[in-house]
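Residue numbers (the numbering used here): 1 to 130.
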């Protein structure tokens with residue numbers, strides 16, 4: 001088995017009989033099922049191997065964006081934090097004021113995410129039921 005990390009389509013495997021040197025079996029990447037190909041491509045994209053330097057720059061940009069959002073979130077909380085005791089809770093029924101044209105796609109997205117990620121769906125249901 002040889003794995004060429006420059007392109008994930010070169011993941012072919014060949015079994016060779018050591019006594020005769022003849023090929024007794026071969027598994028080509030083209031013969032993989034679609035789910036296996038998508039998994040391989042997803043892993044290589046996540047590791048920064050799929051498109052070389054461009055993939056690594058995109059991943060670094062996403063990481064920098066996430067770090068920036070986290071830092072800005074803490075900064076925003078710090079500036080609006082309650083200075084005495086606990087802050088006043090948000091009033092109940094805030095979702096009723098949101099237009100249905102905004103809520104419908106959000107509800108659909110929550111259902112799709114809840115179906116494919118059940119533990120997150122349970123958390124979303126608990127949050128919305130509160």
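We put the CB at the ideal spot given by N, CA and C, even for glycine.
Inter-residue Cα distance where the pair is residue i and residue j
i: residue 22; j: residue 16; result: 6 Å
i: residue 106; j: residue 25; result: 50 Å
i: residue 53; j: residue 44; result: 13 Å
i: residue 98; j: residue 70; result: 26 Å
i: residue 110; j: residue 93; result: 19 Å
i: residue 117; j: residue 124; result: 11 Å
i: residue 95; j: residue 81; result: 23 Å
i: residue 127; j: residue 85; result: 24 Å
i: residue 40; j: residue 68; result: 30 Å
i: residue 119; j: residue 42; result: 22 Å
i: residue 89; j: residue 76; result: 17 Å
i: residue 136; j: residue 18; result: The chain is shown only over 1 to 130; residue 136 falls outside these bounds and no answer can be derived.
i: residue 121; j: residue 14; result: 43 Å
i: residue 63; j: residue 20; result: 51 Å
i: residue 100; j: residue 29; result: 47 Å
Three-state secondary structure (DSSP) of residue i
i: residue 27; result: strand
i: residue 14; result: strand
i: residue 58; result: helix
i: residue 51; result: coil
i: residue 116; result: helix
i: residue 105; result: helix
i: residue 90; result: coil
i: residue 74; result: helix
Candidates the options: closest to residue i by CA position
i: residue 31; options: 12, 19 and 42; result: 12
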